[in-house]
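Undergrad:
Number of protein chains: 2
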Amino acid sequence: MRKPDVKVKNIKDLAAVLGISVTTVSRVLNGKASLYRISPATSDKVMNAAREFNYFPNSIARGLRLEKTETLGLIIPDISNPFFASMARTIELESRRQGYSIILCDSMDDMQTEKELLQLLGSRRVDGIILAPVGKKFDHIRECGKKGIPVVIIDRYMPGGSIPFITADNYQGARDAVEHLISAGHRTIACIQGLKGISINTDRVNGYTDALKSHGLPVDESLITGDDFGIENGYASTRMLMNRDNPPTAIFAFSNLIALGVLRALNEYGLHIPADVSVVSFDDQPWFEFLASPMTTVEQPREKIAGMAVDVLLDLIKNKSSGAKTGIMLKPALIIRNSVGRPAAASSRVSAAGTKPV
Amino acid sequence: MRKPDVKVKNIKDLAAVLGISVTTVSRVLNGKASLYRISPATSDKVMNAAREFNYFPNSIARGLRLEKTETLGLIIPDISNPFFASMARTIELESRRQGYSIILCDSMDDMQTEKELLQLLGSRRVDGIILAPVGKKFDHIRECGKKGIPVVIIDRYMPGGSIPFITADNYQGARDAVEHLISAGHRTIACIQGLKGISINTDRVNGYTDALKSHGLPVDESLITGDDFGIENGYASTRMLMNRDNPPTAIFAFSNLIALGVLRALNEYGLHIPADVSVVSFDDQPWFEFLASPMTTVEQPREKIAGMAVDVLLDLIKNKSSGAKTGIMLKPALIIRNSVGRPAAASSRVSAAGTKPV
DNA sequence: TTGATCTGCACAAACGATTGTGCAAAAAAA
DNA sequence: TTTTTTTGCACAATCGTTTGTGCAGATCAA
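Taken in sequence, the protein lines are chains A and B.
My numbering numbers the first residue of the first sequence as -7 and each following residue consecutively.
My numbering numbers the first residue of the second sequence as -7 and each following residue consecutively.
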């Protein structure tokens, strides 16, 4: 260290210490030395001094001048949901590797909040946004894109829209899951869905019904229940289903949270998986294999979705390429564990349940 | 809308549209109208126009001028770990409520990365940092504090240090857990620890040994094993423990991930919880109650830790109060479920295990 | 020796906000 | 009416960068 006493706060200080102009310092630090014919001697001096005085350019000033912040916004409905958390991780790591930081926002699955967050990120001048939308309306997102700030959607998507999205092939995933149940002998298969009307939910329902139809099985609308991706819905829906005169022998839960609710309800009824009821879930979780009955599930390629989202967004930002590919669907994988068995006789299930709680 | 055709990008545009100076617009928008004697008429005009043209001040320019970004840095070892994810959520929500955004960083439990992230956040001029440190060394953190950027540590802490921290009382939590096991009749209790030498781990080990001692039980050092908070460590350590001549009747896992590894190993051995082995974990998880044997665990007050971290940090930022209280320890809670039973005879456990895999 | 070309660097204007200070016109006081 | 005070707003500097352009001195060709 040459002068540990001198405080170098900005580029001006550094230039002063070296006795040269800020222009030159800036150019060297930005790797434009040769472009502007800065002599190697000067260039080295600058580099060494920067290291020596531990100088880092002020990103804020840089952002103002360059009109880009090298910051990405990430809006997610619930960061404590492991499904989103692991995608957030990949997104953060991959973005940083490419020189971008991310501003994390939790929309609490609320449309109004999502809208406000889009505004917030806009005023913070992020270079782009990765958004796992609440998914009922997309006008505000489209408007954001119009304003010149690129947006990439993950998980849910806008059917027929102009905004690029990366998502799993939910139709295929659901179809695989239900066919697995059918091939195990199930005929009365319920599904507990999430938010009605949003793309991924519709796709899963379609996968479910198409699987049934393609095997010549009737589609009983009353077996399609639920209205939310949360645990409570899984619980309440399962209770309702099991109280039917003709309860299903298998349940297809549309999310890991719903599955948790199913488990709780089944547990209360004293019903066992897969002896009494078979269950298939969506979204693999590390703990699925340690459940009383390890859960068979449809795994979404989370890492891949997250990684591609970053790549597509950065491509949009850097190359202004208006996203030749506007939507990408990735294949999910059915992970077979031990929550699916052959259907039990209805009577035996009822007796196993004992008295049905109301 | 009066003039939806005119694009208002900055405060100058807005001032031009209104035919007044940017000074006045700025003052009105910052609520300093009366302070600078701006007439109500003008003030209203500005407010309406701002709404009308959907104008939001450029945070970057604002940050440069004000030398504060209203942004907090959050560094976490692994955002996909539900323990950290749920704290991240609380931190984001609470920060936003108070007008701050957060830049999320994942240190991958790596010291070098943590150091670099501290630098990065410094050059991004965050107003403060909440850090769940890797925890082996604290020099770089202290240095960051010296540079004038406030830091609050969560989870792990620096013993005898000057940096404020919020953490659970890990000693008490561990002690409660072990006493619970002792009162169930266990005498050979193993613990699988995390990263050796870091504060929370040491505290837990001390809680473990003190609980043993206070009940007149011997402390067998060979029953204190493990060296990492991950799942692999839980798995390997359990295998080692159960292969002893005199395997423990109970295992205390120092994290939810370690517990997962324990479960996997026990499962492979064909050992049942709590019939063959009792298990207590740290960090409650939503799925703990749905395991084959619902897990008894020490729950850390995550929301409280996260919330207080934000409050303490913001206090540090706003009031420059040098943190009268430098450290806060919150009481954990023992959640009793069904993973602890009376110890089985060693012989029966061995037979239950069948052939021991190597 | 003279003009042309090349080297190596610096001046100063942005980027979009905030703010101390100044200065007219209007209102009040004398 | 004149002076003082108040009202209402604008000028211009500033935050820390980046960058188009300019301008000496050195080098080269003729």
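Note that beta-carbon positions come from the ideal geometry of N, C-alpha and C, so glycine has one too.
Specify, as a first and last residue, the run of the alpha helix (DSSP H) that Met103/A falls within.
TA: Looking at the DSSP string, the run of the alpha helix (DSSP H) that includes Met103/A is Met103 to Ser115.
Undergrad: Provide the residue(s) that pair with Leu326/B in DSSP beta bridges, ordered along the chain.
TA: Looking at the DSSP assignment, Leu326/B forms a beta bridge with Val290/B.
Undergrad: Got a sec: is the Cβ-Cβ distance from Glu260/B to anything in chain A below 8 Å?
TA: No, its Cβ sits nowhere closer than 8 Å to a Cβ of chain A.
Undergrad: Measuring straight from C-alpha to C-alpha, what distance separates Phe244/A and Thr159/A?
TA: So the alpha carbons of these two residues sit roughly 20 Å apart.
Undergrad: For Arg341/A, which residues from the same chain have a beta carbon less than 6 Å from its beta carbon, with the 5 sequence-adjacent residues on both sides left out?
TA: Reliability fails at Arg341/A, whose pLDDT of 45 lies under 50, so the model's placement of it is uncertain and no value is given.
Undergrad: Find the residues of chain A that neighbour Ile297/B, judging by a C-beta separation of less than 8 Å, and give them in chain order.
TA: Those within 8 Å of Ile297/B in chain A number zero; the least Cβ separation is about 14 Å.
Undergrad: On the three-state DSSP scale, how would you describe Leu96/B?
TA: Strand, per DSSP.
Undergrad: Does chain B have any CB closer than 8 Å to the CB of Gln111/A?
TA: True, the Cβ-Cβ gap to chain B drops below 8 Å.
Undergrad: May I have the straight-line CA-CA distance separating Arg116/B from Leu56/A, to the nearest angstrom?
TA: One C-alpha to the other measures close to 12 Å.
Undergrad: Determine, for Asp98/B, whether the minimum Cβ-Cβ distance to residues of chain A falls below 8 Å.
TA: For Asp98/B, the answer is yes, since a Cβ of chain A falls inside 8 Å of its Cβ.
Undergrad: Terminal residues of the continuous alpha helix (DSSP H) containing Ser270/B?
TA: Taken as a continuous stretch (DSSP letters only), Ser270/B belongs to no alpha helix (DSSP H), being part of the beta strand (DSSP E) at Ser270 to Phe274.
Undergrad: On the criterion of 16 or more Cβ atoms from any shown chain inside 10 Å, does Ala13/B qualify as buried, or is it exposed?
TA: Before going further, note that residue 13/B is Ser rather than Ala in the sequence given. Ser13/B should be labelled exposed.
Undergrad: For Ser270/B, is the classification buried or exposed, using 16 other Cβ atoms within 10 angstroms of its Cβ as the cut-off for buried?
TA: Result: buried.
Undergrad: Using the Cα positions of Ile320/A and Gly137/A, report the straight-line distance between them to the nearest angstrom.
TA: Near 18 Å, if we compare the C-alpha coordinates of Gly137/A and Ile320/A.
Undergrad: Assign Asp147/B to one of two classes, buried (16 or more other C-beta atoms within 10 Å of its C-beta) or exposed (fewer than that).
TA: Answer is buried; the Cβ neighbour count reaches 16.
Undergrad: Contact criterion: CB-CB distance below 8 Å. Does Asn50/A meet it with respect to chain B?
TA: Closer than 8 Å: yes.
Undergrad: In the DSSP output, which residue or residues are listed as bridge partners for Thr63/B?
TA: For Thr63/B, which the question treats as bridged, DSSP gives the partners Ser93/B.
Undergrad: If the cut-off is 7 Å on Cβ atoms, which residues from the region 116 to 150 of chain A count as contacting chain B, listed in chain order?
TA: If the cut-off is 7 Å between Cβ atoms, the region 116 to 150 of chain A has Arg116 and Arg117 near chain B.
Undergrad: Provide the residue(s) that pair with Gly319/B in DSSP beta bridges, ordered along the chain.
TA: In DSSP, Gly319/B forms a bridge with Phe157/B.
Undergrad: Going by the beta-carbon positions, is the gap between Leu113/A and Gly152/A smaller than 8 Å?
TA: No, the Cβ-Cβ distance between Leu113/A and Gly152/A is not below 8 Å.
Undergrad: Which residue comes first and which comes last in the beta strand (DSSP E) that contains Val144/B?
TA: Val143 to Ile146 is the span of the beta strand (DSSP E), which, as asked, contains Val144/B.
Undergrad: For a cutoff of 8 Å on Cβ pairs, would you count Gly356/B as touching chain A?
TA: It is not possible to answer for residue 356/B, since the shown part of chain B is limited to -7 through 350.
Undergrad: If you draw a straight line from the C-alpha of His178/A to the C-alpha of Pro240/A, how long is it?
TA: Those two C-alpha atoms are separated by around 9 Å.
Undergrad: Can you tell me whether DSSP reads Leu123/A as helix, strand or coil?
TA: Strand.
Undergrad: For Leu58/A, count the other beta carbons within 10 Å of its own beta carbon; 16 or more makes it buried, fewer makes it exposed. Which is it?
TA: With fewer than 16 Cβ atoms within 10 Å of its Cβ, Leu58/A is classed as exposed.
Undergrad: On the DSSP bridge list, what partners appear for Phe244/B?
TA: DSSP lists Cys183/B and Val272/B as partners of Phe244/B.
Undergrad: Could you tell me which residues DSSP puts in a beta bridge with Thr217/B?
TA: Beta-bridge pairing links Thr217/B to Ile184/B.
Undergrad: According to DSSP, simplified to helix, strand and coil, what is Leu263/A?
TA: It is coil, neither helix nor strand.
Undergrad: Answer with buried or exposed for Gly346/B, where buried requires no fewer than 16 other C-beta atoms within 10 angstroms of its C-beta.
TA: Unreliable positioning characterises Gly346/B in this predicted model, as indicated by a pLDDT of 42, which lies under 50. A coordinate reading is not provided.
Undergrad: Given that Gly278/B touches chain A, what residues does it touch there, using C-beta distances under 7 Å?
TA: Inspection of the sequence shows that residue 278/B is occupied by Pro rather than by Gly. Within chain A, the residues near Pro278/B are Leu252.
Undergrad: If contact means a Cβ-Cβ distance below 9 Å, which residues of the region 2 to 17 of chain B contact chain A?
TA: Within the region 2 to 17 of chain B, no residue has a Cβ that lies closer than 9 Å to any Cβ of chain A.
Undergrad: Once DSSP output is grouped into helix, strand and coil, what is the label at Ala344/A?
TA: A caution first: Ala344/A carries a pLDDT of 41, below 50, which makes its placement in the model too unreliable to give a value.
Undergrad: Report the partner residues of Ile68/A according to the DSSP bridge assignment.
TA: DSSP, once it has assigned bridges, lists Asp98/A as partnering Ile68/A.
Undergrad: Evaluate Gly186/A with the Cβ neighbour count: other Cβ atoms within 10 Å of its Cβ, from every protein chain shown; 16 or more gives buried, anything less gives exposed.
TA: Counting Cβ neighbours within 10 Å, Gly186/A comes out buried, since at least 16 surround it.
Undergrad: Does the count of Cβ pairs from the region 77 to 92 of chain B and the region 69 to 80 of chain A closer than 8 Å reach three?
TA: The region 77 to 92 of chain B is in contact with the region 69 to 80 of chain A.
Undergrad: For the alpha helix (DSSP H) containing Ile192/B, name the first residue and the last one.
TA: Segment Ser191 to Ser206, the alpha helix (DSSP H) holding Ile192/B.
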